[in-house]
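full-length UniProt numbering puts the first residue of the sequence shown at 1, with every later residue one more than the last.
One structure is given here, and the rest of the page talks about it.
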Amino acid sequence: MKSMTSTERIFLRLERDGFPMDVVGITTLEPAGDTELTYDDVRLTIVRVLAEAPYLSRRVSQAPLGIGEDKWVDEAQVDLDHHVQEIFCPGEGTERDLLDLVLDLTAEPLDRSRPLWQVWLVHGMADRRSALILRGHHALTDGLGFMHLYQSIFETDPPSAPAAQTARSSAPTRGVAAPSAGIPGPFAGPRSGYEPPALVRAAGEIPQRAVITARTSMRIARVLTRVAPRAMSRTTRELRNRLPGGDMASPPGGAAGTSDSGGVARSTRRPPFVPSFTDHPPVTRFNRHIKDTGRAMAVLSLPLDEVQAARRAHPGATVNDVILAVVSGALRTYLADFDEIPDRPLVTTCPVSVRTRPDGDGGQASGNAFTAIWVDLPVQLDDPVERLTAVHARSSQAKGGLHRSRASWDVLSDLGDLLLPGMVSAAMAFAGSRPFHLIPPTQNLSVSTMRGSKTPLYFCGRKVEHLYARTIICPPVYLFIHAISYDGKLEIGILSARELLPDPEAVARNMRAELDALLDRVAVSGARS
Numbered sequence: 001m002k003s004m005t006s007t008e009r010i011f012l013r014l015e016r017d018g019f020p021m022d023v024v025g026i027t028t029l030e031p032a033g034d035t036e037l038t039y040d041d042v043r044l045t046i047v048r049v050l051a052e053a054p055y056l057s058r059r060v061s062q063a064p065l066g067i068g069e070d071k072w073v074d075e076a077q078v079d080l081d082h083h084v085q086e087i088f089c090p091g092e093g094t095e096r097d098l099l100d101l102v103l104d105l106t107a108e109p110l111d112r113s114r115p116l117w118q119v120w121l122v123h124g125m126a127d128r129r130s131a132l133i134l135r136g137h138h139a140l141t142d143g144l145g146f147m148h149l150y151q152s153i154f155e156t157d158p159p160s161a162p163a164a165q166t167a168r169s170s171a172p173t174r175g176v177a178a179p180s181a182g183i184p185g186p187f188a189g190p191r192s193g194y195e196p197p198a199l200v201r202a203a204g205e206i207p208q209r210a211v212i213t214a215r216t217s218m219r220i221a222r223v224l225t226r227v228a229p230r231a232m233s234r235t236t237r238e239l240r241n242r243l244p245g246g247d248m249a250s251p252p253g254g255a256a257g258t259s260d261s262g263g264v265a266r267s268t269r270r271p272p273f274v275p276s277f278t279d280h281p282p283v284t285r286f287n288r289h290i291k292d293t294g295r296a297m298a299v300l301s302l303p304l305d306e307v308q309a310a311r312r313a314h315p316g317a318t319v320n321d322v323i324l325a326v327v328s329g330a331l332r333t334y335l336a337d338f339d340e341i342p343d344r345p346l347v348t349t350c351p352v353s354v355r356t357r358p359d360g361d362g363g364q365a366s367g368n369a370f371t372a373i374w375v376d377l378p379v380q381l382d383d384p385v386e387r388l389t390a391v392h393a394r395s396s397q398a399k400g401g402l403h404r405s406r407a408s409w410d411v412l413s414d415l416g417d418l419l420l421p422g423m424v425s426a427a428m429a430f431a432g433s434r435p436f437h438l439i440p441p442t443q444n445l446s447v448s449t450m451r452g453s454k455t456p457l458y459f460c461g462r463k464v465e466h467l468y469a470r471t472i473i474c475p476p477v478y479l480f481i482h483a484i485s486y487d488g489k490l491e492i493g494i495l496s497a498r499e500l501l502p503d504p505e506a507v508a509r510n511m512r513a514e515l516d517a518l519l520d521r522v523a524v525s526g527a528r529s
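Written as structure tokens, this is what we have:
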């Protein structure tokens, strides 16, 4: 058995019915002549990938009696008939039909008695296209790790027709175990999946649990001794400013805050995941209590050169800044339709990779190595250029404090290590309850950006047309926008709680319109200069 990291355990413990903690890659493939992509094509590719990434053959060994630690155990034989499947797209095979299929297939958590991944080959797409749905639990790896995995699954050059035909003819057939000869990894003979009895394992883990508790307690204590005095001092100052006779002209945060062009200051010292009753994001329709765990999803593809044009027109701005500004404008437009534009910025978390090198699993990057920064989205500003200016200022400030964000994220992981699995599940249940929403939010949504392949990818001779992702939502954050660059495009996926945002397509349309507005301003500025 292999020990898990605290982040891996957290992703497993956060999971509950209706809120799977996995990421889904949605890949549409162009047709290749008259040949049809087959189940055997996909299965042979997965056999090769399993040999290169042994971590994909691990499954979860649950904490014994709920008091030990979850661990990884190698599966003796991966059942490809379960993990690799084919299905026909419902309806007319449109993009909308494919997204609905993805949400249906991935509505509930993965089976933890098996390795935490699945692949579907989708037939019946419009215009003779096909699709691949690749699902993997976040406990296996993070976003950058999934990109390493994609590099193993897809090719950078289209194979010749004879090579593709050879691959199809040598592929294992459905229901037949892959041959182990010459194939390392999970097919090179039996591998031990032995687990000791629960009582024996629980007894053996008591000393380990004591060591983990002591170590994480000391780490948390060191961080809190630095953070707590500043947080208390800042909260006291905020309350004093709001009492009669207080300095109401002073913005929340006082000297500790930094004001952006939106006139709203936010502290860089208080841990951003700590609720504040005096300085918190606005409560919007995206942050309400929900009863229905159903999800809604929309996708959008933007030309990357248009995003770059907007970036170049604003000195110092990054592609990430443009994306966040576009999201800000899109959400402002959406909220305006309900007359609900807040008077201060929304707050988003943005995951940031801190991975320095792949692990030893055949060069594949398993595990999780990321932190998060908190960035303001100035939806209260009505000018798109001012929004980009404000986003750039706030994101630059957040990146400058990345070491503090990483320490904050580590505290959350350490706290998760101190809690028993059942306690984390109870906390998640409370986060999804109505009383929890009486607590001011710490964020309104999450936005993630990733750098993908600059050149086209191929699968068995078929060009990858689009590459989207269905990400994660869980209480109390019910809106996640993900963007990945691929082959001159920015592929965007929007996932929301259906009860709160039933029409993410509207946000997608607004993002297109917001980028157009930015480009129009760039064109006007260029003409004037």
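Note that the Cβ used here is the ideal one computed from N, Cα and C, for glycine as well.
Bear in mind the structure is a predicted one, so any value in this text is a computation, not a measurement.
If you check the CB distance, Met511 and Leu300 come in under 8 Å. For Pro351, the enclosing beta strand (DSSP E) has its first and last residue at 346–353. The segment 338–349 makes no contact with the segment 451–471: fewer than 3 CB pairs, one atom from each, lie closer than 8 Å. Tyr39 is positioned such that its CB atom lies closer than 8 Å to that of Leu121.
The Cβ atoms of Asn368 and Asp142 lie closer than 8 Å to each other.
A contact between stretches requires three or more CB pairs, one per stretch, nearer than 8 Å, and the segment 454–464 fails this requirement with the segment 386–394. Rounded to the nearest whole angstrom, the CA to CA distance from Leu501 to Arg128 is 32 Å. In the displayed model, Ile46 falls within a helix according to three-state DSSP. Scanning its chain for C-beta atoms nearer than 8 Å, with the 5 sequence neighbours on each side dropped, one finds around Phe436 the residues His289, Phe430, Pro475, Pro476, in chain order. DSSP places Val464 inside the beta strand (DSSP E), whose first and last residues are 462–470.
When only Cα atoms are considered, Ile494 and Val447 end up about 9 Å apart.
Only residues of its own chain outside the window of five on either side were considered, and among them Glu8, Phe11, Leu12 have a CB closer than 6 Å to the CB of Ala139, listed in chain order. Comparing alpha carbon positions, the residue from His148, Pro54, Ser152 closest to Lys2 is Pro54. Per DSSP, Asp22 is not a residue of any alpha helix (DSSP H); the beta strand (DSSP E) it occupies stretches across 22–29. Secondary structure of Ala317 (DSSP, three-state): coil. Ranked by Cα distance from Gln397, the first of Val326, Thr442, Pro384, Asp321 is Asp321. When the alpha-carbon of Ala107 is set against those of His82, Asp487, Gly18, Ala317, the nearest one is in Gly18. Three or more Cβ pairs drawn from the segment 439–454 and the segment 479–488 lie within less than 8 Å of each other, which places the two stretches in contact. When rounded, the separation of the alpha-carbon atoms in Val84 and Thr28 is 17 Å. Check the Cα spacing between Thr349 and each of Ile26, Lys399, Ser453, Ala131: the tightest is with Lys399.
Burial check for Gln308: the Cβ neighbour count within 10 Å stays below 16, so the residue is exposed.
Leu519 is the residue among Arg498, Leu519, Ala508, Leu438 whose C-alpha sits nearest the C-alpha of Asp383. C-alpha of Val327 to C-alpha of Leu377: approximately 8 Å in a straight line. Going by DSSP, Ser448 is part of the beta strand (DSSP E) stretching over 445–451. Per the coordinates, the alpha-carbon of Leu80 lies some 28 Å from the alpha-carbon of Arg96. With contacts defined as CB atoms closer than 8 Å, Asp70 and Ser57 fail to qualify as a contacting pair. In this structure, the beta-carbon distance from Val507 to Leu331 falls below 8 Å. In the three-state reduction of the DSSP assignment, Tyr486 falls in the strand class, which pools E and B.
When DSSP states are grouped into helix, strand and coil, Met4 belongs to the coil group. DSSP places Thr284 in the coil class of the three-state scheme, outside both helix and strand.
Taking C-beta atoms as the reference points, Lys463 and Leu302 fail to come closer than 8 Å. As the crow flies, the alpha-carbon of Leu149 is around 20 Å from that of Ile492. Take the alpha-carbon of Ala32 and the one of Gly329: they are about 39 Å apart. Counted as a single uninterrupted DSSP element, the beta strand (DSSP E) harbouring Met297 occupies residues 295–303. Looking at the DSSP output, Lys71 sits in a beta bridge with Ser3, Ser61.
If you compare the alpha carbons of His82, Val319, Pro282 with that of Val379, the shortest gap goes to Pro282.
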